[in-house]
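Structure first, then comments.
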Amino acid sequence: VKNDSLRCYHCRTELASYLLLEAKKMNVSLIVDGTNIDDLKDYRPGIKAMRENGVKSPLVELGIGKQNIRSIAKSNNLSVFDKPSNSCLASRIPHGIPVTFEKLKRIETAEILVKSVFNVRQVRVRDHQDTARIEVGREEFKEMFDRDKLLAIDSKLKNLGFKFVALDLSGYKCRDNIDINTTCSNKSI
3 VKNDSLRCYH CRTELASYLL LEAKKMNVSL IVDGTNIDDL KDYRPGIKAM RENGVKSPLV
63 ELGIGKQNIR SIAKSNNLSV FDKPSNSCLA SRIPHGIPVT FEKLKRIETA EILVKSVFNV
123 RQVRVRDHQD TARIEVGREE FKEMFDRDKL LAIDSKLKNL GFKFVALDLS GYKCRDNIDI
183 NTTCSNKSI
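Per the working numbering, residue 3 is the first one in the sequence shown, and the count goes up by one each step.
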């Protein structure tokens, strides 16, 4: 998989092509996605790919953002109303490093382990080949300072093939591969 700064563009172009084929088979004339107004504040080349292929974003057109979506979900008793955002696993791999199924599976497993050991919700495990860099939301950062749990996660992640396991002291970054100094707000996004 091509892993450059436009990887999301390439992926969404492929996805849109597939959706267009399926829509045609089903005689569907409109394809929509869940992009919301807050998504436009970040670097999202995948959005451009979807637009180029005619995919509509009704939440953007109506000016609806994440907080509105959460409020609507909560008022409709949906259990996911406060679920943290979760981006594509490929975003945990720095640009230029090939993305493989094995790497994506390792990242997914590592994040599940970190969540279960530390009981945190907002987690990213960045895969720097030999190094797993753990990021957690700032409001949950204090959960990470249990020596026994740190030793346990070190062992578990090394069993996945990482040689080094590090905790990023800056906390969770929403645009890690674009701007390493950009951190998300204290709110779950």
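Glycine residues also receive a C-beta, built at the ideal position from the N, C-alpha and C atoms.
Reduced DSSP secondary structure (H/G/I, E/B, other) of residue i
i, result
"Leu169", "strand"
"Val82", "coil"
"Ile71", "helix"
"Ile191", "Summary for Ile191: the model assigns pLDDT 31, below 50, so the residue's position carries little reliability; its value from the coordinates is reported in the next sentence. Coil, per DSSP."
"Ser118", "helix"
"Leu22", "helix"
"His12", "helix"
"Pro47", "helix"
"Ser7", "coil"
"Ser87", "coil"
"Lys76", "helix"
"Phe143", "helix"
Best match in the options for proximity to residue i [C-alpha to C-alpha]
i, options, result
"Arg14", "Ala25, Asp35 and Val30", "Asp35"
"Ser31", "Gly56, Gly67, Ala154 and Pro86", "Gly56"
"Val127", "Phe103, Gly173 and Phe147", "Gly173"
"Met52", "Gly65, Ile33 and Asp40", "Ile33"
"Val119", "Glu63, Lys158 and Phe103", "Lys158"
"Ser223", "Asn29, Gln124 and Asn161", "Missing from the structure shown is residue 223; the chain here goes from 3 to 191 and no further."
"Lys144", "Ala134, Arg46 and Leu171", "Leu171"
"Asp40", "Ser59, Glu104 and Asn79", "Ser59"
"Asn116", "Pro47, Ala154 and Glu54", "The sequence as given places Val at residue 116; Asn does not occur at that position. Closest option to Val116, Cα to Cα, is Ala154."
"Pro100", "Asp84, Ser73, Asp129 and Asn121", "Asp129"
"Arg46", "Ala25, Lys68 and Ser7", "Ser7"
"Phe19", "Asn5, Lys4 and Gly48", "The sequence given here has Ser at residue 19, not Phe. Cα-wise, what sits closest to Ser19 is Gly48."
"Gln131", "Asp84, Arg108 and Met28", "Arg108"
Proximity test, residue i beta-carbon vs the ligand FMN heavy atom, cut-off 7 Å
i, result
"Gly139", "Of the ligands one can find in the structure shown there are none, so the ligand FMN has no counterpart to examine."
Any C-beta of chain C under 8 Å from that of residue i
i, result
"Ala112", "The structure shown contains no chain C; it is built from a single protein chain."
Residue i classed as buried or exposed, judged by whether at least 16 other C-beta atoms fall within 10 angstroms
i, result
"Cys90", "exposed"
"Thr37", "buried"
"Lys43", "exposed"
"Val138", "buried"
"Lys26", "exposed"
"Ile180", "At Ile180, the pLDDT of 40 sits below 50, so the modelled position is not reliable and the matter cannot be decided from this model."
Residues bridged to residue i [DSSP beta-bridge criterion]
i, result
"Asp129", "Ala134"
"Val34", "Lys58"
Count Cβ pairs between the region 157 to 169 and the region 105 to 121 that sit closer than 8 Å; are there 3 or more?
Counting C-beta pairs with one atom in each stretch, the region 157 to 169 and the region 105 to 121 have three or more that are closer than 8 Å, which means they touch.
Three-pair Cβ contact test at 8 Å for the region 98 to 105 versus the region 66 to 77:
Touching, no.
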